[in-house]
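Read the structure below first, then the notes.
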Amino acid sequence: MSCNEPQDDCTKAMSRLAVQTRQTKRPHSKGETRGQKTSGLTHECGVFGCIAAGDWPSQVDVAQVICLGLVALQHRGQESAGIVTSKGLCAKSFHVHKGMGMISNIFNDENIRRLRGNLGIGHTRYSTSAASEEVNCQPFVVHTAHGALAVAHNGELVNTESLRKMVLSRGVGLSTHSDSELITQALCLNPPEGEISGPDWPARIKHLMQLAPLSYSLVIMHRDRIYGVRDPYGNRPLCLGKIVPIANESDDEDEADGWVISSESCGFLSIGARYVREVFPGEIVELTREGIKTIDIIERPDKKPQAFCIFEYVYFARSDSIFEGQMVYSVRMQCGKVLALESPVDADIVSSVPESGTAAAHGYARQSMIPFAEVLCKNRYVGRTFIQPSTRLRQLGVAKKFGALSANVKGKKLILIDDSIVRGNTIGPIIKLLRDAGVKEVHIKIASPPLKYPCYMGINIPTREELIANKLDSIKLAKHVGADSLTYLSVKGLVQAVRHGMDNRDCSYIGHCTACLTGEYPDELPGDLDW
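Using our numbering, the first residue of the sequence shown is number 437, and each one after it goes up by one.
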């Protein structure tokens, strides 16, 4: 849909919105949650796009590549998924398949065949700003006067209400409460400088980025191209890859069968792709059959530092993904090494809560020279404990999820490492399990600082009242869960570990969002937050 509002009015609307996004944060009221009420820390979403190179129709099965890419991103969202493809020849029609549940339950050979095309985008979702319903499944598709437009979004806009009011005032209807649909419709508005001959999609994207500084990584498909967009703070991840020919007889490193864009690089090898680079903060990239090019880079306001979510390293990302030139596993191991330096303790063995704390546990063991040993056996066929509604069921879930290797722990002093503590409901039953197996001492080490603040940028962190770190300090928490001691990695230690392997770690350009740990948000939050 195209807007016919005069340019002056559009500019005024944009100015009003910019002022509104600088309002101070409204206090977070007791018991208040944002979007869907969940029972624990949940991931964000995952986006993926693929475009075949060279002549079309292509031999690359784009739909299958996207499906496998989404499988690799399944840890980022398990509520719903969708794929939208196009032959790239007609602007009016896309092939769409979306549904609720796991990717393996949504897609099969038959509907993948129906999604045949030369380019496409996909999305896997956890709900943050809108409920877990099929109407909120992405990618969103809108039919404009200039053809169909498909958008997939990872993140959460901090100024949703202001942007929603502006879009509605321009005569655009919204069918959901999803900020992702809001982004899609906002892209249909003319940019303030106007358009001479048809839609200027890069200008529209740039206009959106000026209206909404945080937080998103987007893949946008129109006709025969895909745009990748990362917010100016670089808060959410996005990277590029190249599909390499299976038999490259010419040894031409520049030759490619296609290009991919993804929230994480972890699935690239499984689809025959190679990691190229990250999309830079504020960058708009364009993927066509000819390759990848940068369209523009939007600067951060007031030259503020980058704010990549530090919890991607701690918790969310798959360990074989690459961020900022380093593998996530290496960072998690370094967190364990720093933790060993910050809080040494006399013990016989080091172990982890599998698999979340394993990399950090290996790092702790190497630094402390205390041997690593497995002490918990995980039942891989039990669902995640945070999706269960009550404390009692969550605790029962832990009992079903793990078994203790009694031969490894009996009579031993144990250091047990986990990546984080949210409510503190699961670590207590694990310690009881180990006590029953005969462990002598249990010292809990958390490879991240205490979670104390909500996230407004795409992570469904519970309210401040629900976070255990706001109720109990480490000494009281150790007593509460039945541990002999409990210590966290410091914020300084976490930042040090994250930047340890970065070549440009001393550059002022580098920055990480630690808002959930410190309460220091990368940008002023609007006063109209309704979470």
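Backbone N, C-alpha and C define an ideal beta-carbon position, used for all residues, glycine too.
(message) Please state the DSSP three-state secondary structure of I732.
(response) Contrary to the premise, residue 732 reads as Asp rather than Ile in this sequence. Of the three classes helix, strand and coil, the one that applies to D732 here is strand, per DSSP.
(message) Based on DSSP bridge pairs, tell me the residues matched to W695.
(response) I487 and K678
(request) Report buried or exposed for Y749, applying the criterion of at least 16 other Cβ atoms within 10 angstroms of its Cβ. (result) buried
(request) For G607, I'd like the list of residues in its chain whose CB is within less than 6 Å of its CB, leaving aside the five on either flank, ordered along the chain. (result) none
(message) Mapping the DSSP letters down to three states, classify F747 as helix, strand or coil.
(response) helix
(message) Alpha carbons only, please: which of E778, G894, T724 and G630 is nearest the one belonging to H589?
(response) G894
(request) Report back the beta-carbon spacing between A905 and K888 to the nearest angstrom; my notes put them in contact at under 8 Å. (result) 5 Å
(request) Report the rounded CA-to-CA distance for N861 versus K849, giving the unit in angstroms. (result) 23 Å
(message) When you compare the CB positions of G937 and S701, do they come within less than 9 Å of one another, or not?
(response) no
(request) Give the secondary structure of A508 by DSSP, where H, G and I count as helix, E and B as strand, and everything else as coil. (result) helix
(message) Within the continuous beta strand (DSSP E) that includes C813, where are the two ends?
(response) L812 to K814
(request) Report yes or no: do three or more beta-carbon pairs, one from the segment 500-520 and one from the segment 740-748, lie closer than 8 Å? (result) no
(request) State yes or no: is the C-beta of V789 within less than 9 Å of the C-beta of I863? (result) yes
(message) Just to confirm the assignment, what range does the beta strand (DSSP E) spanning I656 have?
(response) Y652 to H658
(message) Give me, in chain order, the residues of the same chain whose beta-carbon lies closer than 8 Å to that of C503; leave out the 5 immediate sequence neighbours on both sides.
(response) I519, I539, F543, I548 and G558
(request) Might you give, ordered along the chain, the residues of its own chain that have their beta carbon closer than 6 Å to the beta carbon of L723, omitting 5 neighbours on each side? (result) I487, I662 and W695
(message) Whole angstroms are fine: how far does the CA of K836 sit from the CA of V811?
(response) 15 Å
(message) Among the candidates S699, L869, N626 and G772, whose CA atom is the shortest distance from the CA of P885?
(response) G772
(request) Round the Cβ separation of K560 and A517 to the nearest angstrom and send it over; I've been treating them as touching at under 8 Å. (result) Going by the sequence as given, residue 560 is Thr instead of Lys. Between A517 and T560 the Cβ distance is about 4 Å, and since that is below 8 Å, they are a contact.
(request) Would you kindly report the start and end of the unbroken alpha helix (DSSP H) that includes D545? (result) D545 to R550
(message) Could you tell me the alpha carbon to alpha carbon distance between D497 and I707, rounded to whole angstroms?
(response) 10 Å
(request) Reducing DSSP to helix, strand and coil, say where E719 ends up. (result) strand
(request) Compare the C-alpha of H579 against each of L551, Q621 and L555 and name the closest. (result) Q621
(request) For the segment 576-661, list the alpha helix (DSSP H) runs that are entirely contained and at least 4 residues long, ordered along the chain. (result) 596-605, 615-622 and 637-647
(request) Identify whether S706 lies in helix, strand or coil by the three-state DSSP scheme. (result) helix
(request) Please name the residue, chosen from P628, S653 and V715, that lies closest to D615 on a Cα-to-Cα basis. (result) S653
(request) Evaluate I641 with the Cβ neighbour count: other Cβ atoms within 10 Å of its Cβ, from every protein chain shown; 16 or more gives buried, anything less gives exposed. (result) buried
(message) So within the segment 852-879, which uninterrupted alpha helix (DSSP H) runs reach at least 4 residues, ignoring any that extend past its ends?
(response) 863-872
(request) Label G467 either buried or exposed according to how many other C-beta atoms from any shown protein chain fall within 10 Å of its C-beta, with 16 as the threshold for buried. (result) Caution is warranted here: a pLDDT of 33 is assigned to G467, below 50, making its placement in the model unreliable, and no coordinate value can be reported.
(request) May I ask you to report which of helix, strand or coil DSSP gives Q472? (result) Unreliable placement is indicated for Q472, whose pLDDT of 40 sits below 50; the coordinate value is still reported in the next sentence. Q472: coil per DSSP, three-state reduction.
(request) Going by CA-CA distance only, name the one from Q514, G874 and R713 that's closest to K729. (result) R713
(message) Only counting the same chain, and skipping five residues up and downstream in sequence, which positions put a Cβ closer than 7 Å to that of K876?
(response) G847, K848 and K849
(request) Please classify R713: does DSSP put it in a helix, a strand, or coil? (result) strand
(message) On a Cα-Cα basis, can you pick out the residue from L705, R552, V878 and I857 that is closest to E902?
(response) I857
(request) Would you tell me roughly how many angstroms separate the C-alpha atoms of F808 and F484, rounded to the nearest one? (result) 37 Å
(request) Let me know the secondary structure DSSP gives Q770 once reduced to three states. (result) helix
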